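In the numbering used here, the protein residues as written are 3 to 318. Taking it in order: structure first as structure tokens, then the write-up.
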Ligand code: NAD
Ligand code: UDP
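Structure (structure tokens):
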């Protein structure tokens, strides 16, 4: 049994990771300031004896003895990370410094939840880990993108200078139950709109692409990455390479929900990447043939069922 700290553990990805680590027989400390996460996401874990929930902000130092740290704390959706850009940078940068300092002191292994956003609006397609990216440092997404890029730099420097055992994972668009219903991300927006019979809001012409990964595939990849030998530090892409246009996603969700929703076209947000698709050759090779196993349709059906229940409970 390992003792594991998950920062951002009450968020969408964090709550699934905590649950899986507990099911694997570990002791889990979930740390969160509830900015975008909630107790509700982990309420079903509160009666598990090896689960602990801590309200704390990673921009402040935190002391604990653990074997491993998954550093997930950071708002992930554009609406949330742009709400207070300075706080987003602080969370990424000071959060990384505090967690790396902790890892250094207690000799824990630490994994950083980095992002495909480090590639910005990519000029290389699909994106391989050796691509340096195309990021606007002063654009509306930069508080997130540059914060995450700086966090990667901090990880590498703590590794080189202080021999901290690090793992860097670049996560591509992930969806599933417990996504925040108001986070404005495309999967949650479209499903909620379709279920409520409201117009589906397509930004731009809907020809931009994304590659959508179901949450369970990501969690499997994160855990496999944490368990790789110490000399493999990444970065490694974890995502589903099946690429869809936003228009295709809208049509699929309308079909799966049997919705009568129409489509509304709205302006494309600033610096919205035109295309995104991970090259996962490295992940497959290093992570014991890890490969996404859940198709978009199968994952969407599970996510639709989750939001259906959420909406039903809202209206009760
Ligand atoms: P989320 O917003 O649901 O989860 C983030 C969690 O971090 C929330 O519970 C939030 O309350 C917490 N948090 C934010 N600031 C904090 C702070 N200062 N101190 C402590 N806790 C704080 O988002 P998510 O989708 O679960 O993302 C988790 C991580 O994965 C993030 O680091 C994100 O950048 C990364 N990621 C996610 C995706 C995706 O598609 N979901 C893609 C790439 C990277
Ligand atoms: N998008 C959209 N309608 C929405 C929400 C998002 O067309 O209601 C588009 C958005 O412009 C982007 C894509 O869907 O091109 C994915 O957006 P999301 O915010 O989910 O993730 P990210 O841009 O960070 O990949």
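The C-beta atom is built at its ideal place from N, Cα and C for all residues, glycine as well. Note that the coordinates shown come from a computational prediction; the quantities given were computed from them, not determined experimentally.
Using a Cβ-Cβ cut-off of 6 Å (strictly less than) and excluding sequence neighbours within five positions of residue i, which residues of its own chain qualify?
{"i": "residue 189", "result": "177"}
{"i": "residue 126", "result": "133"}
{"i": "residue 302", "result": "258"}
{"i": "residue 143", "result": "273"}
Within 10 angstroms of the Cβ of residue i, are there 16 or more other Cβ atoms? Answer buried if so, exposed if not.
{"i": "residue 259", "result": "buried"}
{"i": "residue 172", "result": "buried"}
{"i": "residue 120", "result": "buried"}
{"i": "residue 268", "result": "exposed"}
{"i": "residue 252", "result": "buried"}
{"i": "residue 199", "result": "exposed"}
{"i": "residue 139", "result": "exposed"}
{"i": "residue 134", "result": "exposed"}
{"i": "residue 101", "result": "buried"}
{"i": "residue 210", "result": "buried"}
{"i": "residue 36", "result": "exposed"}
{"i": "residue 62", "result": "exposed"}
{"i": "residue 80", "result": "buried"}
{"i": "residue 151", "result": "buried"}
{"i": "residue 191", "result": "buried"}
Could you tell me which residues DSSP puts in a beta bridge with residue i?
{"i": "residue 57", "result": "34"}
{"i": "residue 190", "result": "According to DSSP, which records beta bridges pairwise, residue 190 is partnered with nothing at all."}
{"i": "residue 245", "result": "213"}
{"i": "residue 265", "result": "202"}
{"i": "residue 29", "result": "5"}
{"i": "residue 280", "result": "129"}
{"i": "residue 18", "result": "According to DSSP, residue 18 bridges with nothing at all."}
{"i": "residue 117", "result": "173"}
{"i": "residue 182", "result": "None, per the DSSP bridge assignment."}
{"i": "residue 13", "result": "Answer is none; residue 13 lacks a bridge partner."}
{"i": "residue 100", "result": "None, per the DSSP bridge assignment."}
{"i": "residue 122", "result": "136"}
{"i": "residue 238", "result": "171"}
{"i": "residue 111", "result": "70"}
Spatial neighbours of residue i within its chain, please: CB distance less than 7 Å, with the 5 preceding and 5 following residues excluded, ordered by chain position.
{"i": "residue 196", "result": "202, 255, 256, 259, 261, 263"}
{"i": "residue 106", "result": "160, 164, 166"}
{"i": "residue 146", "result": "83, 90, 119"}
{"i": "residue 270", "result": "205, 206"}
{"i": "residue 123", "result": "136, 273, 275, 276"}
{"i": "residue 316", "result": "none"}
Less than 8 Å between the beta carbons of residue i and residue j, yes or no?
{"i": "residue 221", "j": "residue 284", "result": "no"}
{"i": "residue 375", "j": "residue 75", "result": "Residue coverage of the chain in this structure runs from 3 to 318, which leaves residue 375 outside it and unanswerable."}
{"i": "residue 12", "j": "residue 41", "result": "yes"}
{"i": "residue 72", "j": "residue 224", "result": "yes"}
{"i": "residue 94", "j": "residue 149", "result": "yes"}
{"i": "residue 169", "j": "residue 228", "result": "yes"}
{"i": "residue 97", "j": "residue 137", "result": "no"}
{"i": "residue 111", "j": "residue 70", "result": "yes"}
{"i": "residue 45", "j": "residue 30", "result": "no"}
{"i": "residue 21", "j": "residue 55", "result": "no"}
{"i": "residue 266", "j": "residue 306", "result": "no"}
{"i": "residue 9", "j": "residue 185", "result": "no"}
{"i": "residue 296", "j": "residue 216", "result": "yes"}
{"i": "residue 246", "j": "residue 312", "result": "no"}
{"i": "residue 64", "j": "residue 19", "result": "no"}
{"i": "residue 213", "j": "residue 243", "result": "yes"}
{"i": "residue 293", "j": "residue 286", "result": "yes"}
{"i": "residue 193", "j": "residue 309", "result": "yes"}
{"i": "residue 208", "j": "residue 248", "result": "yes"}
Once the 5 residues before and after residue i are set aside, which same chain residues still bring their CB inside 8 Å of it?
{"i": "residue 118", "result": "129, 172, 173, 174, 175, 239, 241, 278, 280"}
{"i": "residue 26", "result": "225"}
{"i": "residue 52", "result": "3, 24, 28, 29, 30"}
{"i": "residue 300", "result": "216"}
Item to check | Continuous alpha helix (DSSP H) assignments of at least 4 residues falling wholly in the region 140-171 | outcome: 144-164
Next on the checklist: What ranges does the alpha helix (DSSP H) occupy inside the region 37-93, keeping only unbroken runs of at least 4 residues that lie completely in it?
Outcome noted: 80-85
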